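Worksheet: the structure to be examined is printed underneath.
Number of protein chains: 2
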Amino acid sequence: MSESASSTVPTLGAVAVACCSPLVSEPLSADEALRIAPVLKALAEPVRLRLLSLVASHADGEACVCDLQDAFELSQPTISHHLKVLHQVGLLDRSKRGVWVYYRVREDALADLGALLAVPAPVAAR
Amino acid sequence: MSESASSTVPTLGAVAVACCSPLVSEPLSADEALRIAPVLKALAEPVRLRLLSLVASHADGEACVCDLQDAFELSQPTISHHLKVLHQVGLLDRSKRGVWVYYRVREDALADLGALLAVPAPVAAR
DNA sequence: CTCAGACATAGGCACTCGTCAATGTTGACA
DNA sequence: TGTCAACATTGACGAGTGCCTATGTCTGAG
């Protein structure tokens, strides 16, 4: 089963990030940077950050749009737009059940991003 | 109004990120999102991603602007601008020695970002 | 002191992005 | 069939961003 009917489209997906060694290990190629930047750009917005966090910490790890809208003083199309952005870069999964649409965080994609930024071994200071 | 020789200037710094539990653990507050987003936004640009990666993987972990410019087909002011953005959010340290300015990755700030995106325990697939 | 090199700042332009109101689409139900 | 509710899409507008050229500010050499 894996995916719902509508989200079989890869968009650009987690694959975009799961490609490179950590940022600090070796110079990123121009191509790699072009693939990774959109994913970070999707995250680099206060509303989308909160949306992703809200979805992730929701019961069962998924939330429908109606649950998310109440947390913001923004119009419904705006929330819908932000969710679309997060979905397009592969950070959010989308599944429609009846009238409701449920979003779920793709933890693998998020973990890939985290690994990219993580500092390998000798961090020393802190 | 140039900053002091070393980067004692707070700008907004690594502190902005080292504040919150992982994104997926509990809902991010609006304030936290507003602090974190600019740091991610600084990274969410292909040239800046490569710049940071270049600096990090350079000998001794630091690089002067002259070394970085040659890696891009961009004007010197553009590179300078991108470095400034990375420095302002606390991802890059700046130190002037003679005529040259050396940048160094703040690994603690980067690691904090990585920790924010990391998924705590049950990652499952990969 | 004068000059040249390394880097930063200023200002302008084209483009992208976040937001909204209006409208479209789809599924549940009477 | 008709109607309501949940989301998505469209189109427009102001604000922000990346790039450039031109100019400014240091610092070391001569």
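Residue numbers (our numbering), protein chains in the order written: chain S, 222 to 347; chain V, 222 to 347.
Yeah, the Cβ is synthetic: ideal placement off N, Cα and C, and Gly gets one too.
Computed from a prediction, not measured in an experiment: that's the story for all the values here.
Any chain S beta carbon closer than 8 angstroms to residue i
i, result
"Glu266 (chain V)", "yes"
"Gly311 (chain V)", "no"
"Pro284 (chain V)", "The amino acid occupying residue 284 (chain V) in the given sequence is Ala; Pro does not appear at that position. Ala284 (chain V) does not count as touching chain S."
"Ser301 (chain V)", "no"
"Leu338 (chain V)", "yes"
"Ala280 (chain V)", "no"
Contact with chain V by residue i, beta-carbon distance below 8 angstroms
i, result
"Ser316 (chain S)", "no"
"Ser296 (chain S)", "no"
"Leu307 (chain S)", "no"
"Ala332 (chain S)", "yes"
"Arg325 (chain S)", "no"
"Val322 (chain S)", "no"
"Ser274 (chain S)", "yes"
"Val238 (chain S)", "no"
"Gly319 (chain S)", "no"
"Glu328 (chain S)", "yes"
"Ala342 (chain S)", "no"
"Leu270 (chain S)", "yes"
"Gly335 (chain S)", "yes"
Proximity winner among the options, relative to residue i (alpha-carbon distances)
i, options, result
"Val310 (chain S)", "S:Cys241, S:Ala258, S:Ala254", "S:Ala258"
"Asp252 (chain V)", "V:Leu264, V:Ser278, V:Ala263, V:Val238", "V:Val238"
"Leu275 (chain V)", "S:His303, S:Gly335, S:Pro243, S:Leu331", "S:Pro243"
"Ala342 (chain S)", "V:Leu272, V:Cys285, V:Ala332", "V:Ala332"
"Val326 (chain V)", "V:His302, V:Cys240, V:Pro267, V:Cys285", "V:Cys285"
"Ala292 (chain V)", "S:Ala265, S:His303, S:Ser250, S:Cys240", "S:Ser250"
"Glu198 (chain S)", "V:Pro267, V:Leu273, V:Ile300, V:Val320", "With chain S covering 222 to 347 only, the question about residue 198 (chain S) has no answer from this structure."
"Val268 (chain S)", "S:Gly282, S:Cys241, S:Gln297", "S:Gln297"
"Gln290 (chain S)", "S:Gly282, S:Lys262, S:Tyr323", "S:Tyr323"
"Glu328 (chain V)", "V:Glu283, V:Arg256, V:Cys241, V:Cys240", "V:Glu283"
"Leu312 (chain S)", "S:Ala330, S:Trp321, S:Arg256", "S:Ala330"
Whole-number beta carbon distance between residue j and residue i, since they are thought to touch under 8 angstroms
i, j, result
"Leu270 (chain V)", "Ala280 (chain S)", "Between Ala280 (chain S) and Leu270 (chain V) the Cβ distance is about 35 angstroms, and since that is not below 8 angstroms, they are no contact."
"Ser278 (chain S)", "Val245 (chain V)", "6 angstroms"
"Val260 (chain S)", "Leu338 (chain S)", "Contact doesn't hold; Cβ gap of about 12 angstroms is too wide."
"Ala336 (chain S)", "Lys262 (chain V)", "No, Ala336 (chain S) and Lys262 (chain V) are not in contact; Cβ-Cβ is about 20 angstroms, not under 8 angstroms."
Buried or exposed by the 16-neighbour rule on C-beta atoms within 10 Å, applied to residue i
i, result
"Cys287 (chain S)", "exposed"
"Met222 (chain V)", "Model confidence at Met222 (chain V) stands at a pLDDT of 37, short of 50, so the residue's coordinates are unreliable; what they give is reported in the following sentence. Met222 (chain V) comes out exposed."
"His308 (chain V)", "buried"
"Val340 (chain S)", "buried"
"Glu294 (chain S)", "exposed"
"His302 (chain V)", "exposed"
Legend entry - Interface positions of the region 240 to 263 of chain V facing chain S (Cβ-Cβ less than 7 angstroms), listed along the chain: Among the residues of the region 240 to 263 of chain V, those with a Cβ less than 7 angstroms away from any Cβ of chain S are Leu244, Val245, Ser246, Glu247, Pro248, Leu249, Ala251, Ala254, Leu255, Ile257, Ala258, Leu261, Lys262, in the order of the chain.
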